[in-house]
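Peer 1: Using my numbering, the first residue of the sequence shown is number 2, and each one after it goes up by one.
Heads up, the beta-carbon is just placed ideally off N, CA and C, and yes, glycines get one too.
None of these values were measured; they are calculated from a predicted model.
Would you mind keeping the following structure in view while I ask a few things?
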Amino acid sequence: LRAAWARRNRAWPWWARVVHPNSTGRRAWDALTGLFVLVSISQVPLQYVLRWWPYLPVAETLAPLLAFVRLWFVAEILLNLRTGYVTPEGTLVMEPTRIARRYLLS
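If you want it as structure tokens, here you go:
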């Protein structure tokens, strides 16, 4: 069953493939997302604290990084629409329509 799914998944174009929720690539993506969440929640206090120092343009310095982080979060939403999930009973669901329905209704 897994081999049949893998063959079918490889036959699809790269943008239509379903990602296994426990794959190495997905885990690395989730780790980087966690790092970017920390960057995102720390930038507001950082800008507030360093605002008094006129020689450090914090907003201009962090703007490219924060724009990249925002794009990363948009890509995260799209990737979640293409990532399989495991049901509470332990069944792996890799059907794109069921994945999208679950993600959009959660």
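Can you give the Cα-Cα distance for Thr-62 and Leu-36, rounded to whole angstroms?
Peer 2: Position 61 of the sequence shown, counted from the first residue, corresponds to residue 62. Position 35 of the sequence shown, counted from the first residue, corresponds to residue 36. Their backbone Cα atoms lie some 19 Å apart in a straight line.
Peer 1: Check whether the stretch 38-51 touches the stretch 66-78, counting contact only when three or more Cβ pairs, one atom from each stretch, lie closer than 8 Å.
Peer 2: They touch, by the three-pair rule.
Peer 1: On the DSSP bridge list, what partners appear for Thr-84?
Peer 2: In the sequence shown, the residue the question calls residue 84 occupies position 83. Per DSSP, Val-20.
Peer 1: For Leu-93, which beta-bridge partners are listed by DSSP?
Peer 2: In the sequence shown, counting from the first residue as 1, residue 93 sits at position 92. Val-87, per the DSSP bridge assignment.
Peer 1: Where do the ends of the alpha helix (DSSP H) carrying Ser-43 lie?
Peer 2: For the purposes of this step, residue 43 is taken as residue 42 along the sequence shown, with counting starting at 1. Residues 25-50.
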